[in-house]
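What follows is a single structure, written as structure tokens, with notes after it.
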Amino acid sequence: MQKIKNLTKAAERIKKAVADKERIILYGDSDLDGVSSVLVAEQAIRSIGGSIETFYFPDREKEGYGITKLALETFKGLPPALLIAFDLGIGNVEEIQIAKEMGFDVIIVDHHIVPDVLPEADIIVDPKQPGDNYPFKEFAAVGLSYKLAHEILGKDISDSLKNSIVELALLGTISDMMPREEDNITIIQEGMDAIGESWRPGLQAFFEMSEFARIDGREARVEEIITVLNAREVTNGLPGAFRVLTAPTKEKAEEIINLLLEQMREKKEEVWDIVLLMRERVEGKASDSVILEGTDSHDFYRLGSAASILTKEYHKPVYLYKIAEKESLGSARAEKGFNTVEAMKSCANLLETYGGHPPASGFRIKNENIEKFKKCLEDYAKQN
Ligand SMILES: [Mn+2]
910 MQKIKNLTKA AERIKKAVAD KERIILYGDS DLDGVSSVLV AEQAIRSIGG
960 SIETFYFPDR EKEGYGITKL ALETFKGLPP ALLIAFDLGI GNVEEIQIAK
1010 EMGFDVIIVD HHIVPDVLPE ADIIVDPKQP GDNYPFKEFA AVGLSYKLAH
1060 EILGKDISDS LKNSIVELAL LGTISDMMPR EEDNITIIQE GMDAIGESWR
1110 PGLQAFFEMS EFARIDGREA RVEEIITVLN AREVTNGLPG AFRVLTAPTK
1160 EKAEEIINLL LEQMREKKEE VWDIVLLMRE RVEGKASDSV ILEGTDSHDF
1210 YRLGSAASIL TKEYHKPVYL YKIAEKESLG SARAEKGFNT VEAMKSCANL
1260 LETYGGHPPA SGFRIKNENI EKFKKCLEDY AKQN
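With this note's numbering as the guide, the letters of the sequence shown map in order to residues 910 to 1293.
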């Protein structure tokens, strides 16, 4: 049977690290996929007698996405050690070079598209890398961590351990909106069965809280739980999802869940504040094909959600930006049929950077170019 490239190699390396009592650092993205990936790996490592020296989740609002130099700074004194990165790392050529120079062995477990130049990690598990012949490519990072855990644990894995890791694999797979195909179908079905009987106080707490208990059907309830766990809020270096899923008691978990719910409410209010403002702005611009509007008084991180709402409302591509002193940072959303990235490509000379996926992307622009950018987007929309 085909295996994901380097899966066995990664499992053997981790087993060796445990046997030799090497220090192991688990580094994950701070969203639910990253957190669940790390927790699956932690369980596998623990159940073969290992332990984790440090967990690290970068705070995206403060230090950005991926393996960060700030993180490496805090790892001084740890090498020689094994650094395992989940749901990020494949784009961190420079940082991984630094990690190697510091004396780390590095394993990357990522599901993002690989860049032309791969980082010089010791082992890379990413089904999208050249030479990976495993037929299915659309795993969440946690799907890969789950496969890796099975590879580490082998056939002797107990039912309770199996359930414990598949419920985590379910959470990350749904949260990252991976297609419900092939291996993901098994993960989702088995995960849905397992999660109702979870041993985790954090998940038990969700199922017992009235906000979630009143939702009809397990699948809908799980979706709502995922929305909360995906809050991406990092306190003392630990994302909310990590704190809930590792909470020692239901009471403690409920406390954290309530905090996350409160933060979600605040964020929602700000998103609607932006939507209302933009509705006023676009009044009288009905003949425009594209919405491009800015604000200097809202959090950049709310713009994407606001743009999503507006694009569904007006059936037009929406580009919103946060105005800073010289430059603006923007977020774009569009319905099927309009490629927000291609559109920006046609205006690339006006932009500092841009990138993302056709329905959801981002950009940075000098303030003096905004008017020209608007005209350029209109031209693109008319031709496409
Ligand atoms: Mn992911």
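Yeah, the Cβ is synthetic: ideal placement off N, Cα and C, and Gly gets one too.
Proximity test, residue i beta-carbon vs ligand 1 heavy atom, cut-off 7 Å
| i | result |
| --- | --- |
| residue 1068 | no |
| residue 1049 | yes |
| residue 996 | yes |
| residue 1020 | yes |
| residue 938 | yes |
| residue 1092 | no |
| residue 1085 | yes |
| residue 968 | no |
| residue 1035 | no |
| residue 1182 | no |
| residue 942 | yes |
Residue i in three-state terms, based on DSSP
| i | result |
| --- | --- |
| residue 990 | strand |
| residue 1226 | coil |
| residue 1119 | helix |
| residue 1269 | strand |
| residue 1034 | strand |
| residue 1143 | strand |
| residue 1105 | coil |
| residue 977 | coil |
| residue 1027 | coil |
| residue 1262 | strand |
| residue 1246 | coil |
| residue 1047 | coil |
| residue 1059 | helix |
| residue 997 | coil |
| residue 911 | coil |
| residue 959 | coil |
| residue 1166 | helix |
| residue 1253 | helix |
| residue 1282 | helix |
| residue 1042 | coil |
| residue 1187 | helix |
| residue 1126 | coil |
8 Å Cβ shell around residue i - same chain, five flanking residues per side excluded
| i | result |
| --- | --- |
| residue 1117 | 1159 |
| residue 1052 | 1020, 1078, 1081, 1082, 1087, 1092, 1093, 1096 |
| residue 1040 | 914 |
| residue 1058 | 949, 950, 952, 953, 1074 |
DSSP beta-bridge partners of residue i
| i | result |
| --- | --- |
| residue 1014 | 991 |
| residue 1201 | 1228 |
| residue 1311 | Past the boundaries of the shown model lies residue 1311; the chain is included only from 910 to 1293, so the question cannot be answered. |
| residue 1240 | 1229, 1271 |
| residue 964 | 935 |
| residue 1148 | 1143 |
Minimum Cβ-Cβ distance from residue i to chain B less than 8 Å
| i | result |
| --- | --- |
| residue 1078 | Of the chains in the structure shown, none is chain B; there is only one protein chain. |
With 16 other Cβ atoms within 10 Å as the buried cut-off, status of residue i
| i | result |
| --- | --- |
| residue 979 | exposed |
| residue 1235 | exposed |
| residue 1242 | buried |
| residue 1056 | buried |
| residue 960 | exposed |
| residue 1253 | buried |
| residue 983 | exposed |
| residue 1143 | buried |
| residue 1139 | buried |
| residue 1249 | buried |
| residue 1145 | exposed |
| residue 1026 | exposed |
| residue 942 | buried |
| residue 1304 | This structure leaves residue 1304 out entirely; the chain is present only between 910 and 1293. |
| residue 986 | exposed |
| residue 1251 | exposed |
| residue 1206 | exposed |
Same chain only: Cβ atoms within 6 Å of residue i, ignoring 5 sequence neighbours per side
| i | result |
| --- | --- |
| residue 1148 | 939, 944, 966 |
| residue 1152 | 1165 |
| residue 1247 | 1226 |
Own chain partners of residue i with C-beta closer than 7 Å, once the 5 adjacent residues on each side are dropped
| i | result |
| --- | --- |
| residue 1032 | 915, 918, 919, 922, 1016 |
| residue 1208 | 1179 |
| residue 1225 | 1198, 1199, 1200 |
| residue 1054 | 946, 949, 950, 995, 1018 |
| residue 1099 | 1075 |
| residue 1240 | 1212, 1213, 1216, 1229, 1271 |
| residue 881 | For residue 881 there is no data in the structure shown, the boundaries of the chain being 910 and 1293. |
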